[in-house]
């Protein structure tokens, strides 16, 4: 499902933005019993290398230049495509790092 969504996210969410992609992924995760994103936040914290109380969307935005905290509800329009691509890249790395992934 994730790879299909990544290919054409605008077919699933409108308007296409970081926050609508986050909402869609959270909805899918909820529908699947919380298994899809289980451990994603902790994996991101490990990638950042320090403890954080932020939710996974803010942690994803940490990886966008300049590196550091950015509230995901306030992503500037010019950073939306970068934020979405960063989310997809990190989520794919996370999924690939899980035992039993192919």
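Residue numbers (the numbering used here): 13 to 114. Every residue gets a Cβ at the ideal spot worked out from N, C-alpha and C, and that includes glycine.
In the displayed model, residue 56 falls within a helix according to three-state DSSP. Within its own chain, the residues whose Cβ lies closer than 8 Å to the Cβ of residue 63, once the five positions on either side in sequence are excluded, are 57, listed in chain order. Assigned with DSSP and collapsed to three states, residue 19 falls in helix.
Per DSSP, reduced to three states, the secondary structure at residue 89 is helical. In the three-state scheme derived from DSSP, where H, G and I count as helix and E and B as strand, residue 76 is classed as coil.
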